[in-house]
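Colleague: Protein chains in written order, with our numbering: chain X, 669 to 779; chain C, 669 to 779. Glycine included, C-beta positions come from ideal geometry on N, C-alpha and C.
There are 2 protein chains.
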Amino acid sequence: MLNYQLDKTFAALADPARRAIVERLVQGPATVSELARPLPMSLPAAMLHLKVLEDSGLVTSQKVGRVRTCRIDPKMLSQAERWVAQRRQMWERNLDRLGAWLEEGKPEDEK
Amino acid sequence: MLNYQLDKTFAALADPARRAIVERLVQGPATVSELARPLPMSLPAAMLHLKVLEDSGLVTSQKVGRVRTCRIDPKMLSQAERWVAQRRQMWERNLDRLGAWLEEGKPEDEK
Chain X
669 MLNYQLDKTF AALADPARRA IVERLVQGPA TVSELARPLP MSLPAAMLHL KVLEDSGLVT
729 SQKVGRVRTC RIDPKMLSQA ERWVAQRRQM WERNLDRLGA WLEEGKPEDE K
Chain C
669 MLNYQLDKTF AALADPARRA IVERLVQGPA TVSELARPLP MSLPAAMLHL KVLEDSGLVT
729 SQKVGRVRTC RIDPKMLSQA ERWVAQRRQM WERNLDRLGA WLEEGKPEDE K
């Protein structure tokens, strides 16, 4: 379940137009047309990107009357961040251990 | 350039087999066959995933004799982490501002 969600989150972030939408939405909610306007594409194309973001759980939307307003759902953003941060930390810890091991192996006068 | 790199990094992370390879490599270098063994797929299929990881810059490899050894390159991992972390922080700052604004708007006796 978590794995499947991460697949969708990382895939959603793997596109500059979708990252631009996320960039805009972290500033606050926006309507579909506000999100589409700065993008170098048609409204239907922008809406397809929004759909990918909604499927990934990164974005939620609500329609009131004729206006659909989109918001960031920070849960998936935090989950993706945590996955990457933990792997980077594991890599660093491993590097520290290697450093300590090399240090231990040195002759006394080189320490 | 950076955008293009992020596309590839996030796309590379959007697959459970490739994330499993990253999980293994943050523990230290490994040969191609060591990486492929635990994966539920053929060696050629695992090698295709490794190629995607190498193209993304997340993994580098070096062949000595007949053995190819793979390593994490932490630069792209850090870059992906930074992108997500900064967006999450922007979202939180925006939420704080909204909270402060709502607080200011309250009548004196409700503060």
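#1: Gln754/C lies in the alpha helix (DSSP H); which residues open and close that run?
#2: Could you tell me the boundaries of the beta strand (DSSP E) in which Ser710/C lies?
#3: Does DSSP put Leu703/C in a helix, in a strand, or in coil?
#4: For Val690/C, which residues in the same chain have their Cβ closer than 6 Å to its Cβ, ignoring the five residues on either side in sequence?
#5: By the criterion of Cβ-Cβ separation under 7 Å, what are the contact partners of Leu681/C in chain X?
#6: Beta strand (DSSP E) containing Val732/C: first to last residue?
#7: My guess is that Pro684/C and Asp723/X are in contact by the Cβ rule of under 8 Å, so how many angstroms apart are they, rounded?
#8: Going along the chain, which residues of its own chain have a beta-carbon closer than 7 Å to the beta-carbon of Ala680/C, five neighbours each way excluded?
#9: Counting only beta-carbon atoms, is Val727/C nearer than 8 Å to chain X?
#10: For a contact meaning CB atoms closer than 8 Å, what does Pro742/X contact in chain C?
#11: Do you know offhand how far Glu771/X's Cα is from Ala704/X's?
#12: Pull up the distance between the alpha-carbon of Glu702/X and that of Ala688/X, whole angstroms please.
#13: Quick check on the burial criterion: 16 or more other C-beta atoms within 10 angstroms. Buried or exposed for Arg755/C?
#14: By DSSP, does Ala698/C sit in helix, in strand, or in coil?
#15: Between Ala714/C and chain X, is the shortest Cβ-Cβ distance under 8 Å, so that the two count as touching?
#16: Measuring only the C-alpha atoms, how far is Val732/X from Pro712/X?
Modeller: Let's see:
#1: In the second sequence, the residue the question calls residue 754/C occupies position 86. Counting along the chain, the alpha helix (DSSP H) containing Gln754/C begins and ends at 742-773.
#2: Mapped onto the second sequence, residue 710/C falls at position 42. Element bounds for Ser710/C: n/a, residue is neither H nor E.
#3: Stepping through the second sequence from its first residue, residue 703/C is reached at position 35. Note: Leu703/C maps to helix in three-state DSSP.
#4: Here residue 690/C refers to the residue found at position 22 when the second sequence is read from its first residue. So no residue of the chain qualifies.
#5: In the second sequence, the residue the question calls residue 681/C occupies position 13. Simply Phe678.
#6: Taking the second sequence and counting its residues from 1, the one referred to as residue 732/C is at position 64. Start and end: 727-732.
#7: In the second sequence, residue 684/C corresponds to position 16, counting from 1. In the first sequence, residue 723/X corresponds to position 55, counting from 1. About 17 Å separates the two Cβ atoms, so there is no contact after all.
#8: Mapped onto the second sequence, residue 680/C falls at position 12. Correct list, in chain order: Arg686, Val720, Leu721, Ser724, Leu726.
#9: Start at 1 with the first residue of the second sequence, and residue 727/C comes out as number 59. Taking Cβ atoms only, chain X never reaches closer than 8 Å to Val727/C, which makes this a no.
#10: The sequence position of residue 742/X within the first sequence is 74, counting from 1. The contacting residues are Arg756, Trp759, Glu760.
#11: Locating residue 771/X in the first sequence gives position 103, where the first residue counts as 1. Locating residue 704/X in the first sequence gives position 36, where the first residue counts as 1. If you take the alpha carbons of Glu771/X and Ala704/X, they lie about 56 Å apart.
#12: The residue you call residue 702/X lines up with position 34 of the first sequence. The residue you call residue 688/X lines up with position 20 of the first sequence. Rounded to the nearest angstrom, the two C-alpha atoms are 12 Å apart.
#13: Numbered from its first residue, the second sequence carries residue 755/C at position 87. Per the 10 Å Cβ criterion, buried.
#14: As a first step, residue 698/C is located in the second sequence; it is residue number 30 there, counting from the start. Ala698/C: strand per DSSP, three-state reduction.
#15: Position 46 of the second sequence, counted from the first residue, corresponds to residue 714/C. Chain X, which has no Cβ nearer than 8 Å to the Cβ of Ala714/C, makes this no.
#16: Position 64 of the first sequence, counting from 1, holds the residue named residue 732/X. Position 44 of the first sequence, counting from 1, holds the residue named residue 712/X. C-alpha separation (whole angstroms): 20 Å.
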